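Note sheet for the following structure.
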Amino acid sequence: FQGHFPGNPIMPGVTIVEAMAQTAAVMVGATLGLTDGNLLIYFMSIDGCKFRRKVIPGDALRMEVVTTRGKPGGKVWRFKGVATVEGELAAEVEFTAMMDLRA
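Count along the sequence shown from 1, then add 1121; that gives the number in the working numbering.
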């Protein structure tokens, strides 16, 4: 995490949130049977984002994402995600995303 922060590196929060969004995209793709990488996900809103502990080099970040709204054929989906390190809550977020297929 070069530059974030010199002498005290931590994983940027935006990177943690992006990782949860990518986890959601993989989950939706698997649910819809899309395994060819053609599913795109676009953030529409990020709500209630909280960071509870630092994530430092060497930490194993575990992400769990659940769908709170969305269905096959629908474009707009809502998710809740949590990220933990060794069972300790590191971050939590709710986000809405639009799903689209790559042309």
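A virtual CB, placed ideally from N, CA and C, is assigned to each residue, including glycine.
Keep in mind it's a predicted model, so treat the numbers as computed, not measured.
According to the DSSP assignment, Met-1132 belongs to no beta strand (DSSP E), since it is labelled neither H nor E. When DSSP assignments are scanned along the stretch 1146-1179, the uninterrupted stretches of beta strand (DSSP E) that are 3 or more residues long and fall wholly within it turn out to be 1160-1172. Excluding its 5 nearest sequence neighbours in each direction, Ala-1181 has C-beta neighbours in its own chain below 8 Å: Val-1206, Glu-1207, listed in chain order.
Asp-1157 is positioned such that its CB atom lies no closer than 8 Å to that of Lys-1196.
Taking the Cα positions, Ala-1212 is about 16 Å away from Pro-1178.
At a Cβ-Cβ threshold of 8 Å, Met-1219 and Val-1186 do not count as neighbours. If you draw a straight line from the Cα of Gly-1154 to the Cα of Phe-1126, it comes to about 40 Å. Take the alpha-carbon of Ala-1204 and the one of Ala-1145: they are about 13 Å apart. In the three-state scheme derived from DSSP, where H, G and I count as helix and E and B as strand, Glu-1213 is classed as strand.
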